[in-house]
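Everything in the sequence shown is counted per this note's numbering, starting at 1067 for the first residue and increasing by one.
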Amino acid sequence: MVVSAAAAGQAAAHTGLDTSSPGANATLAGLPPRITLTFTDAMAEKYAKVAVTASDGTSAAAGRPRVDGRTVTLPLKAGAPAGRYTVGYRVVSADGHPVSGSYPFTVKVADNPSPSAGRGTADTSIAPASGETDRDDAASPGVRGPVLAGAGALAAAGIAAVIGAGVFAARRRRARHGD
1067 MVVSAAAAGQ AAAHTGLDTS SPGANATLAG LPPRITLTFT DAMAEKYAKV AVTASDGTSA
1127 AAGRPRVDGR TVTLPLKAGA PAGRYTVGYR VVSADGHPVS GSYPFTVKVA DNPSPSAGRG
1187 TADTSIAPAS GETDRDDAAS PGVRGPVLAG AGALAAAGIA AVIGAGVFAA RRRRARHGD
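Below you can see the structure in the form of structure tokens.
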């Protein structure tokens, strides 16, 4: 009884996004230098996919995602224009659990630009609630098409990677055991 209750508790604990910076629906004075996603479990760098897309469909990424334990960061291009951006992610935890989602944030034009302005300061760390990551998309149909296309492609690539890894692991196990 005790063993099955403990196993059920572990099965109920799902890997997920813990916090993000900038946070979901944040409004910033400028594009931040990076996106930081912190998950509840350590992530596998090999399968980390993160995209930041402007409302016109262009990428704001300035490199590849980097993984440090539970934290995934993506550097962003400097000098990106004001507007609505969408963060899309598809990652796999070190123990094989896939996690994906997306959320928007907005970059506003600063009223009085100064040399130090433009690298994002306000409301930058909000933990997205489960199921709330896409709720704003219905309110802005002009963003929905490019966001869904990018998120769909990102999710498809992640799913293909997970399936490929599973097939590889199964074949390796069979070869090792002579099945």
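Cβ coordinates follow ideal geometry from the N, Cα and C atoms, glycine included.
This one's a predicted model, so the numbers in the text were calculated from it and none came from an experiment.
query	result
Of all the options ALA1120, ASP1122, LEU1140, GLY1123, which has the alpha carbon lying nearest to the alpha carbon of GLY1129?	LEU1140
Classify LYS1115 as helix, strand or coil using the three-state DSSP reduction.	strand
Going by DSSP, what residue range makes up the beta strand (DSSP E) through VAL1158?	1149-1158
Taking DSSP as the reference, what is the three-state secondary structure of LEU1097?	coil
For ARG1100, which residues in the same chain have their Cβ closer than 7 Å to its Cβ, ignoring the five residues on either side in sequence?	THR1139, LEU1140, PRO1141, LEU1142
On the DSSP bridge assignment, give the partners of PRO1170 in chain order.	THR1152
Whose C-alpha, out of THR1093, GLY1096, ALA1092, THR1104, is nearest the C-alpha of THR1085?	THR1104
Mind checking which residues open and close the beta strand (DSSP E) that includes PRO1141?	1137-1141
Spatial neighbours of THR1152 within its chain, please: CB distance less than 6 Å, with the 5 preceding and 5 following residues excluded, ordered by chain position.	THR1119, SER1168, PRO1170, VAL1213
Taking the straight line between their C-alpha atoms, what separation do you get for ALA1127 and ALA1117?	7 Å
Measure from the alpha carbon of VAL1133 to the alpha carbon of each residue in LYS1174, TYR1113, SER1166, then state which is nearest.	TYR1113
Do you know offhand how far THR1124's Cα is from VAL1173's?	15 Å
So what does ASP1134 bridge to, in DSSP terms?	THR1137
Apart from the five residues on each side of it in sequence, which residues of its chain come closer than 6 Å, Cβ to Cβ, to THR1137?	THR1104
Quick one: grab the DSSP three-state call for THR1102.	strand
Measuring straight from C-alpha to C-alpha, what distance separates PRO1147 and THR1093?	14 Å
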